[in-house]
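Accompanying notes for the structure given below.
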Amino acid sequence: MRGPFIHRPGDDDSSAVTFWGKQDMRGVLRKMLAALDAHYEAVKL
1 MRGPFIHRPG DDDSSAVTFW GKQDMRGVLR KMLAALDAHY EAVKL
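In the UniProt record's numbering, the protein residues as written are 1 to 45.
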């Protein structure tokens with residue numbers, strides 16, 4: 001789910017990142033590392 005992070009009306013903290021559940025961040029980190037690996041593999045000289 002994506003959308004603005006709003007605590008109260010008029011509050012839009014769009015730069016905030018929130019993880020729900022203890023395991024949620026692990027999946028995000030795995031995806032990020034896979035993207036970095038793919039990027040660096042593509043730019044190898």
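Where is the CB? At the ideal position from N, CA and C, for every residue including glycine.
Check	Outcome
Backbone secondary structure at Lys-44 - three-state DSSP	coil
Secondary structure of Asp-37, DSSP reduced to three states	helix
Cα-Cα separation between Val-43 and Val-28, rounded to whole angstroms	23 angstroms
Helix, strand or coil at Arg-8 [DSSP, three-state]	coil
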